[in-house]
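Input: a single structure, listed below in structure tokens.
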Amino acid sequence: MDDGALDLQRAAREAAYSMPLEEINPADPEIFRTDTLWPYFERLRKEAPVHWAVSEEKQVGGYWSITRFNDIMAVDSDHATFSSEPTIVLPDPEEDFTLPMFIAMDPPKHDVQRKTVSPIVAPHHLAYLENIIRERAGVILDDLPIGEEFDWVDKVSIELTTMTLATLFDFPWEDRRKLTRWSDVATAGPESGLFDSTDPEQAEQQRRMELFECVDYFTRLWEERVKAEPKPDLISMLAHGEATRNMDRMEYLGNLILLIVGGNDTTRNTISGSILALSQNPDQEKLLRENPGLIPSMVSETIRWQTPLAYMRRTATRDVEMHGKTIRAGDKVAMWYVSGNRDEEVIERPNDYWIDRPRPRHHMSFGFGIHRCVGNRLAELQLKIIWEEILKRFPKIEVTGPPRRVYSSFVKGYERLPVVIPARN
Ligand code: HEM
Numbered sequence: 001m002d003d004g005a006l007d008l009q010r011a012a013r014e015a016a017y018s019m020p021l022e023e024i025n026p027a028d029p030e031i032f033r034t035d036t037l038w039p040y041f042e043r044l045r046k047e048a049p050v051h052w053a054v055s056e057e058k059q060v061g062g063y064w065s066i067t068r069f070n071d072i073m074a075v076d077s078d079h080a081t082f083s084s085e086p087t088i089v090l091p092d093p094e095e096d097f098t099l100p101m102f103i104a105m106d107p108p109k110h111d112v113q114r115k116t117v118s119p120i121v122a123p124h125h126l127a128y129l130e131n132i133i134r135e136r137a138g139v140i141l142d143d144l145p146i147g148e149e150f151d152w153v154d155k156v157s158i159e160l161t162t163m164t165l166a167t168l169f170d171f172p173w174e175d176r177r178k179l180t181r182w183s184d185v186a187t188a189g190p191e192s193g194l195f196d197s198t199d200p201e202q203a204e205q206q207r208r209m210e211l212f213e214c215v216d217y218f219t220r221l222w223e224e225r226v227k228a229e230p231k232p233d234l235i236s237m238l239a240h241g242e243a244t245r246n247m248d249r250m251e252y253l254g255n256l257i258l259l260i261v262g263g264n265d266t267t268r269n270t271i272s273g274s275i276l277a278l279s280q281n282p283d284q285e286k287l288l289r290e291n292p293g294l295i296p297s298m299v300s301e302t303i304r305w306q307t308p309l310a311y312m313r314r315t316a317t318r319d320v321e322m323h324g325k326t327i328r329a330g331d332k333v334a335m336w337y338v339s340g341n342r343d344e345e346v347i348e349r350p351n352d353y354w355i356d357r358p359r360p361r362h363h364m365s366f367g368f369g370i371h372r373c374v375g376n377r378l379a380e381l382q383l384k385i386i387w388e389e390i391l392k393r394f395p396k397i398e399v400t401g402p403p404r405r406v407y408s409s410f411v412k413g414y415e416r417l418p419v420v421i422p423a424r425n
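Position one of the sequence shown corresponds to residue 1 (UniProt numbering), numbered consecutively onward.
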């Protein structure tokens, strides 16, 4: 870390511990963009494990934060008290633009829709995907420039995960970068820099327009697939599935967004995170290079360390007491996985990136309970393959500057990560 970054971290620690507790707003995207979130969550875990904040963002308003590992697990496992409806992000849905998706549904509808797409990650399908992903990872890595700076996010993380996603949908190959764009747009706010204007209304207009283009495009694919025999791709599964074949346009769009964002941003940001974490921890990189058998453990540790989705929201269905606070029916509750993953009471040396730690899969990044991530094995597989292929090819990947982080307290990731692969002598 350079002096400027150290000063920023010091100032954040001072601010986090000196401001009145009720003024801490853990959903402020700025503390994620600057990576200064840690002391705020540390203080909440210690002093206010069930914490009320009011955000200035009008779609967010007041919300509870749950920050300790065991409390998050308890909330995530109790879907009767903590509902996933109407949405799993803090901003409420716009009344004239609601996107139903099964991650934001409760049983029984959730269960049948989830079951419809689950075969995409069945062990035999993962075994089939493994060969395809490996071949592509090889091509991507072999095409990288040597001895000159490039953006790892764009050239590797986005490329690999978008290719995998295109295969899951059996999506027209030449248009696959549209998936990346829709994935980014789906979760972006007006300040993200993704839209022509930062004016909230204009940005929202553009966002909706692009998402309608997305559903139009996918509707054409649906119409083709529904006439054909069922196939093992996500669109065919949705078009033929009993629980999904009568979805209306917005529900189709909602579930598409879920599968696009779920399969794309998260894995992408973990791939970029693995490069950053290893470059910041050269002893761990050395250990990995000397022991490639540690790749699966390193992958899990990176998923914990990165926590690509910082939180999931629930909505209380009844009044409930936790740590002396009363959460009222209808209140929003954020389960901060990013904080649970650093809970010093449960995780040994939580702030260390430690690739051979005992029980590396003991983390919360994939959630718990009935909504636990469908794609966890596929995410781990992509990470494992890219690292097996990297180790075969490059003795060093140097990070040459600070990453540019996403301005979001939900998707925790990177827009840019400059690197150089040094030429071999
Ligand atoms: C659900 C994280 C990769 C598809 C979730 C949840 C989390 C999560 C936190 C919600 C859990 C809850 O509410 O309890 C991640 C992370 C990933 C990843 C960290 C990568 C490192 C993927 C991939 C796919 C995927 C590759 C697609 C194939 C889904 C779906 C759900 C989900 C469909 C909704 C499950 C439900 O509501 O039942 N994921 N995910 N995810 N994820 Fe992932």
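Glycine is no exception: its CB is placed at the ideal position from the N, C-alpha and C atoms.
Ignore the nearest five residues each way along the sequence and tell me which others in residue i's own chain have a CB closer than 8 Å to its CB.
| i | result |
| --- | --- |
| Thr317 | Ala80, Thr81, Phe82, Ser83, Ala329 |
| Glu210 | Arg181, Trp182, Val185 |
| Pro29 | Gly189, Glu191, Tyr407, Ser408, Ser409 |
| Arg416 | Asp151, Val153, Asp154, Pro403, Arg404 |
Would you tell me roughly how many angstroms separate the C-alpha atoms of residue i and residue j, rounded to the nearest one?
| i | j | result |
| --- | --- | --- |
| Thr270 | Asn246 | 35 Å |
| Pro172 | Met163 | 10 Å |
| Trp305 | Glu229 | 43 Å |
| Phe212 | Arg268 | 24 Å |
| Tyr337 | Arg68 | 9 Å |
| Arg114 | Met322 | 30 Å |
| Met19 | Arg43 | 11 Å |
| Pro200 | Val117 | 34 Å |
| Met335 | Gly147 | 43 Å |
| Phe41 | Arg177 | 35 Å |
| Tyr17 | Asp343 | 17 Å |
| Leu8 | Glu14 | 10 Å |
| Met298 | Glu95 | 43 Å |
| Ser65 | Ser300 | 25 Å |
| Asp196 | Pro39 | 34 Å |
How is residue i classed by DSSP in three states: helix, strand or coil?
| i | result |
| --- | --- |
| Thr326 | strand |
| Phe212 | helix |
| Thr198 | coil |
| Arg207 | helix |
| Ala27 | coil |
| Tyr17 | helix |
| Glu348 | coil |
| Val299 | helix |
| Ser365 | coil |
| Arg416 | strand |
| Glu398 | strand |
| Arg404 | strand |
| Ala80 | coil |
| Met312 | strand |
| Val89 | coil |
What residues in its chain sit with their C-beta under 6 Å from that of residue i, if we drop five residues either side in the sequence?
| i | result |
| --- | --- |
| His240 | Pro230 |
| Tyr63 | Leu90, Lys332, Ala334 |
| Phe218 | Leu256 |
| Pro282 | none |
| His51 | Leu44, Ser65 |
Quick one: what's got a C-beta closer than 7 Å to residue i's C-beta in the same chain, skipping five residues either side?
| i | result |
| --- | --- |
| Val112 | Ala243 |
| Ala137 | Leu160, Ile385, Ile386, Glu389 |
| Thr307 | Tyr337, Val338, Asn341, Ser365, Lys412 |
| Ile103 | Ser84, Ile88, Leu258, His371 |
Do the segment 100 to 116 and the segment 393 to 409 make contact, defined as three or more Cβ pairs closer than 8 Å? No, because fewer than three Cβ pairs between the segment 100 to 116 and the segment 393 to 409 fall closer than 8 Å, the two stretches do not touch.
Runs of 3 residues minimum, wholly inside the segment 34 to 67: which ones carry the beta strand (DSSP E) assignment?
List check, beta strand (DSSP E) in window: 50 to 54, 62 to 66.
Q | Entirely enclosed alpha helix (DSSP H) segments - the segment 161 to 189, minimum 4 residues | A | For the alpha helix (DSSP H) assignment, the uninterrupted runs of no fewer than 4 residues enclosed by the segment 161 to 189 are, from N- to C-terminal side, 177 to 187.
TODO: May I ask you to verify whether the segment 88 to 98 touches the segment 308 to 316, counting CB pairs closer than 8 Å and requiring at least 3?
DONE: Touching, per the Cβ criterion.
message: Within 8 Å, do at least three Cβ pairs link the segment 275 to 293 to the segment 372 to 386?
response: They do not touch, by the three-pair rule.
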